[in-house]
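Visitor: The numbering of the sequence shown is UniProt numbering, which starts it at 1 and goes up by one.
Note that CB positions come from ideal geometry on N, CA and C, so glycine has one too.
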Amino acid sequence: MSVQPIARPRTAPEPPDTVPRLLVDPNAPDRRTWDRVRFSGPPAPAEVPVEDVIDDTTGPRLVWSRGAVPELPDAGTWSATLVRACVEALLGARPAAQLSRWLDADLWTALNRRACLGMEIAGRPSHPPMVTIRRVHPCEISEGTWESSVVVHDGNRVRAAAIRLETRRGRWRATALEIG
């Protein structure tokens, strides 16, 4: 049995008196592309003292058939659905106006502005990619407040998103959103 070397011999390194080649031309323009899905919501408002907070639960409630108040949907499922819809709006596959009911006013304004900017820069895609949710990790912060981390695939990249849901008038409403 004989052994044959598989590896090829190494080439000699460049002599030390030569200048190493640059891989990037310093005079070339910056080629970074604009990321239309990256989004950071408006900054959180300053903390409001507890005595200044108006309690929504003490007012009259809408009575449904037979007096039953409907249960809120699962916070994890709801945050996954809402993050997917927001990514679709940022990609141009969904009108951002559809989200106005489920997002806080400041958050919706920022998301709508970003979606419109994406439409101006990149236009509407002819075949928008399919957005899929990979994982959701919901966490209850306090009664009626949940935060979730969501792993979402936008067709090109796998991204992380964070969303904060609060109950307002018997339904979930997103008050903060960050998509990386």
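Mind pulling the alpha helix (DSSP H) runs of 4 or more residues that sit fully within the segment 87 to 138?
Guide: 105 to 122
Visitor: Between D104 and R173, how many whole angstroms is the CB-CB distance? I'm expecting something under 8 Å.
Guide: Here the question's residue 104 lines up with position 104 in the sequence shown. Here the question's residue 173 lines up with position 173 in the sequence shown. Their Cβ separation, rounded to whole angstroms, is 6 Å, which keeps D104 and R173 in contact under 8 Å.
Visitor: Once you ignore the five residues that flank R135 on each side, which residues in its own chain have a CB closer than 6 Å to its CB?
Guide: Within the sequence shown, the letter at position 135 stands for residue 135. Closer than 6 Å at the Cβ level, and outside the excluded window around R135, lie V151.
Visitor: Just to confirm, is the Cβ distance from W146 to L165 under 8 Å?
Guide: Your numbering for residue 146 matches position 146 in the sequence shown. Your numbering for residue 165 matches position 165 in the sequence shown. Remark: C-beta atoms of W146 and L165 approach each other more closely than 8 Å.
Visitor: Hey, out of L72, P129, S148, S149, whose CA is closest to T167's CA?
Guide: Position 167 of the sequence shown, counted from the start, is the residue given in the question as residue 167. Comparing Cα-Cα distances from T167 to each of L72, P129, S148, S149, the minimum goes to L72.
Visitor: What are the boundary residues of the beta strand (DSSP E) that includes A44?
Guide: Indexing the sequence shown from 1 puts residue 44 at position 44. No beta strand (DSSP E) contains A44, which DSSP labels as neither H nor E.
Visitor: Go ahead and label T77 buried or exposed: buried means 16 or more other beta carbons lie within 10 angstroms of its beta carbon, across all protein chains shown.
Guide: For this step, residue 77 is matched to residue 77 along the sequence shown. By the neighbour-count rule (16 or more Cβ atoms within 10 Å), T77 is not buried but exposed.
Visitor: For G92 and H153, what's the separation of their Cα atoms in angstroms?
Guide: Taking the sequence shown and counting its residues from 1, the one referred to as residue 92 is at position 92. Taking the sequence shown and counting its residues from 1, the one referred to as residue 153 is at position 153. Distance between the alpha carbons of G92 and H153: 15 Å.
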